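The structure under discussion appears below in the form of structure tokens.
Residue numbers (the working numbering): 160 to 324.
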């Protein structure tokens, strides 16, 4: 697993999405990620904290630079709930739930994001404030959190690690 390459691919995907979506500052962006798929394994089989960290490092600077709100999707063990900053939950009126993602229930991606946010909370859903854009890394089914009639963005490199984007 080439961690630097994963970070670079994540950053490139985020840049492509931002170029195509023309998101306004303050917009929600959902990122779902199977780190198992990123390292070439079956979804849900070998969660990788290292891959999660690399993807986070590739994406977060662009989220911050563009003043966006990141919502990191948990795995199906937590009903695809989302990790957001408390400020985001308050701004959009999301109801936090009492759960903390872990590698085995939530996945490495959500767990890493939770550990890196300043004031993380988990919300069950986006309460009608569906995201304008998102990246689905490894076919994690983020569609439930996106606005209807989404437009797919073709990535120059449609992979992050071994996971399709």
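Glycine included, every Cβ here is placed at the ideal spot set by N, Cα and C.
In this text the structure is predicted, and so the values were computed from the model without any measurement.
Are residue i and residue j touching if we call contact CB-CB under 8 Å?
i           : j           : result
residue 296 : residue 188 : no
residue 160 : residue 210 : yes
residue 204 : residue 194 : no
residue 300 : residue 199 : no
residue 311 : residue 239 : no
residue 234 : residue 265 : yes
residue 242 : residue 269 : yes
residue 273 : residue 294 : no
residue 165 : residue 309 : no
Need the endpoints of the alpha helix (DSSP H) that residue i sits in, please.
i           : result
residue 219 : 208–224
residue 197 : 194–197
residue 172 : 162–180
Whole angstroms is fine: what's the gap from residue i's alpha carbon to residue j's?
i           : j           : result
residue 324 : residue 318 : 5 Å
residue 292 : residue 245 : 20 Å
residue 255 : residue 282 : 5 Å
residue 214 : residue 220 : 11 Å
residue 212 : residue 181 : 26 Å
residue 228 : residue 183 : 11 Å
residue 232 : residue 267 : 11 Å
residue 305 : residue 290 : 5 Å
residue 252 : residue 286 : 8 Å
residue 176 : residue 162 : 21 Å
residue 170 : residue 257 : 31 Å
residue 230 : residue 288 : 12 Å
residue 201 : residue 261 : 19 Å
Need the endpoints of the beta strand (DSSP E) that residue i sits in, please.
i           : result
residue 292 : 292–296
residue 280 : 279–282
How would you label residue i, buried or exposed, when you count the other beta carbons within 10 angstroms and need 16 or more for buried?
i           : result
residue 298 : exposed
residue 278 : exposed
residue 307 : exposed
residue 247 : buried
residue 322 : buried
**Asked** Mind pulling the alpha helix (DSSP H) runs of 4 or more residues that sit fully within the stretch 226–277?
**Response** DSSP runs (the alpha helix (DSSP H)) wholly in the stretch 226–277: 245–251, 266–275.
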